[in-house]
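All residue numbers for the sequence shown refer to the UniProt record's numbering, where the first residue is 1 and numbers rise by one.
Quick reminder that beta carbons are idealized off the backbone N, C-alpha and C, glycines included.
Beneath this line is the structure, given in structure tokens, with notes to follow.
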Amino acid sequence: MAAAAAPSPSSGQPAGDEDWQQDRSSRRPHGAVLITVPDGAGWPLPASKGDGLEAALLDHAGAPLELEEDGERARPRGHAFSPWRAAVAVLAVAALAAAGYVWLYAGGDAGGVAWRLLKAREEEDRDVRRSFLLPLYPKPRRSGGAPENLTAGNVPPTTGFLPLPCRLYYTTVSIGNPPRDYFLDVDTGSDITWIQCDTPCRSCAKGAHPSYRPAGANIVPPSDPLCERVQRDPDQCNYDINYADRSSSMGVYVRDNMQLISDDGERENMDIVFGCGYDQQGILLDALQNTDGMLGLGSRAISLPTQLASRGIISNVFGHCMTTDPSGGGYLFLGDDYIPRWGMTWVPVRNGPADNIRKAQVQQVNHGDQQLNVQGKLTQVIFDSGSTHVYFPHEAYINLIAALKGASPRFVQDDSDKAMPFCLKADFSVRSVDDVKHLFKPISLQFERHFFFSRTFNIRPEDYLIISDKGNVCLGVFDGAAIGYDSVIIVGDVLLRGKLIAYDNDQNQIGWIDSDCTGPSKQSRIPFFPRRVLHNQVL
1 MAAAAAPSPS SGQPAGDEDW QQDRSSRRPH GAVLITVPDG AGWPLPASKG DGLEAALLDH
61 AGAPLELEED GERARPRGHA FSPWRAAVAV LAVAALAAAG YVWLYAGGDA GGVAWRLLKA
121 REEEDRDVRR SFLLPLYPKP RRSGGAPENL TAGNVPPTTG FLPLPCRLYY TTVSIGNPPR
181 DYFLDVDTGS DITWIQCDTP CRSCAKGAHP SYRPAGANIV PPSDPLCERV QRDPDQCNYD
241 INYADRSSSM GVYVRDNMQL ISDDGERENM DIVFGCGYDQ QGILLDALQN TDGMLGLGSR
301 AISLPTQLAS RGIISNVFGH CMTTDPSGGG YLFLGDDYIP RWGMTWVPVR NGPADNIRKA
361 QVQQVNHGDQ QLNVQGKLTQ VIFDSGSTHV YFPHEAYINL IAALKGASPR FVQDDSDKAM
421 PFCLKADFSV RSVDDVKHLF KPISLQFERH FFFSRTFNIR PEDYLIISDK GNVCLGVFDG
481 AAIGYDSVII VGDVLLRGKL IAYDNDQNQI GWIDSDCTGP SKQSRIPFFP RRVLHNQVL
């Protein structure tokens, strides 16, 4: 192999032709030309076909150059803007635009916007499935705020979770043919919907309306598939539910018409299986002075949402929204049309094998910057509209008491006030929580982080403080050990106000977003777009 120098740019052409010189100079390669001579060839080379000269152009770094056939200047490979790079650039711009849109329009708790697209429903499901609305009304409060002194030893096994007898919200449903109105306490912690029933009645309260009287054809036979799923009595399809406040209801299952108001305002008749309660015991007899039964919104087959979802009528999702004003009401929805597309904070839940109660896991419980639970110990939390107040595990409760004692030198503990287990007396006049809320810190429940973003349920001082009749500042959080639930946090309806709370049984998750709850807002459906985009979604 021999190397030869590149020819002079001016050889064979007139020296004065400057245009030609400039054109040729701009077209020549910059580097070295390598010429390979075939083996055995003499010099000069024979003019024959076959073996001939092989030439290559090298740049200054020794990399090969190419000349295009049209004679344009050679350039190294790979510097062109290839199609795949263009595609990557387009995708990057689209991703940034989508992220910016979510950032602008997502709300919910602070902590960033981590989002994902949920699986889109099939178009036919969108046309068939709908949602239903039910009003929520506040019940009159009983005098005094403290729960009874329940202990683990006298709390019976329970299929629901109602630690207090004072259920604060009820709704109205129409049952029978012709339909009659009944008031039902709303409970997200139990599955069975039941109303007081005259079959005849063994032990019933007066109730808000005359007792329901089923026909013989309404009684669900024990061979019914739904009955076989919820109990094993071969002779009768009955139920017996015990609540954590030591009250109970017993009866038989019936199937009858229930009228529900759809999202377009139309009344629709549904065949629903519910309990015909002929034997109520305990505190329920007092609670039923204003209502007629219970609306169970759990996740088992017998619950109202699951019955509707199993027939393809709704998505297995429901939720409620209660105004911050205790004298105000709110609304309950069945289906997912009233869940906001943006801004929801979601956490995964698991149902216990024994009680079937939805539980989420909390990593930290904080009062301001102070952690109340054991570092690294996960705590379960239950969102239960059937519970009035809030319960903490014993250790977190004791630490919270200690933190409040040192909140301000202007408060001293007042053991003479029996309104709540823990009350503080101020050295100034207190008429409402607004007078003292600035002196106390918020409580936060911190769930597992999603990517880089936290998921927090915030409890403001005005949510956990109560002003007693004596003008003392009392803690509205109770010791869960008193009712045998020392390992869980129970979030009652006093903390659920001012938030839209959604229970998604399809995806096993609970979500929330701040709301004034003054009126439901149906979310529009965008063609070819997923049902909703969620904030801080995890799955």
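- As DSSP reads the structure, T172 sits in a beta bridge with F183.
- In the structure shown, the three-state DSSP call for D337 is coil.
- The stretch 253–261 and the stretch 285–296 do not touch, with fewer than 3 CB-CB distances between them shorter than 8 Å.
- Looking only at N351, D435, R455 and A89, the smallest Cα-Cα distance to D506 is reached by N351.
- For G368, the secondary structure class from DSSP, reduced to helix, strand or coil, is coil.
- Comparing alpha carbon positions, the residue from I489, L288 and M322 closest to V362 is I489.
- Cβ neighbours of E395 within its own chain (closer than 8 Å, five residues either side excluded): L372, N373 and V374.
- Of all alpha-carbon atoms in R85, A360 and T306, the one lying nearest the alpha-carbon of F447 is that of A360.
- By the neighbour-count criterion, in which 16 or more other beta carbons inside 10 Å mark a residue as buried, G189 falls on the buried side.
- Taking a contact to require three or more Cβ pairs closer than 8 Å, the stretch 470–483 and the stretch 412–425 qualify as touching.
- Counting C-beta atoms within 10 angstroms of its own C-beta, D198 has fewer than 16 neighbours from the protein chains shown and is therefore classed as exposed.
- The Cβ neighbour count for N177, taken over all protein chains shown within 10 Å, is under 16; the residue is labelled exposed.
- In this structure, the beta-carbon distance from I398 to F274 does not fall below 8 Å.
- Beta-bridge analysis with DSSP links A360 to V381.
- For A215, the closest of G328, P200, R229 and E228 by C-alpha to C-alpha distance is P200.
- A straight line joining the alpha-carbon of A407 with that of P421 spans about 18 Å.
- Taken in chain order, the whole beta strand (DSSP E) runs of length 3 or more contained in the stretch 450–497 are 453–459, 465–467, 473–475, 477–479 and 488–491.
- Here Y503 is bridged, per DSSP, to F318 and I510.
- With fewer than 16 other Cβ atoms inside 10 Å of its own Cβ, H438 counts as exposed.
- The criterion of a C-beta distance shorter than 8 Å is not satisfied by V491 and F392.
- By the Cβ neighbour-count rule, S385 is buried, with 16 or more other Cβ atoms within 10 Å of its own.
- Of the candidates L445, C474 and L378, the residue whose Cα lies closest to the Cα of L424 is C474.
- Excluding the 5 residues flanking it on each side, D185 has same chain C-beta neighbours closer than 6 Å at R167, Y170, T291 and M294, in chain order.
- Spatial neighbours of L133 in its own chain (CB-CB distance under 7 Å, excluding positions within 5 residues in sequence) are listed in chain order as I261, D263, Y331, F333 and P520.
- In this structure, L304 sits away from T456, with a CB-CB distance that is not shorter than 8 Å.
- The three-state reading of DSSP puts V374 in coil, since its state is none of H, G, I, E or B.
- Here the alpha carbons of Q236 and L378 stand approximately 42 Å from one another.
- Counting of Cβ neighbours within 10 angstroms places L500 among the buried residues, the total reaching 16 or more.
- Relative to the Cα of C517, the nearest Cα in the group G328, Q307, A205 and R267 belongs to G328.
- Within the model, the alpha-carbon separation for Y278 versus F383 is close to 29 Å.
- When rounded, the separation of the alpha-carbon atoms in K405 and F411 is 8 Å.
- Of the candidates S444, R449 and S454, S444 places its Cα closest to the Cα of P461.
- DSSP places K425 in no alpha helix (DSSP H) but in the uninterrupted beta strand (DSSP E) bounded by C423 to A426.
- Our two residues, Q509 and I466, have alpha carbons roughly 31 Å apart in a direct line.
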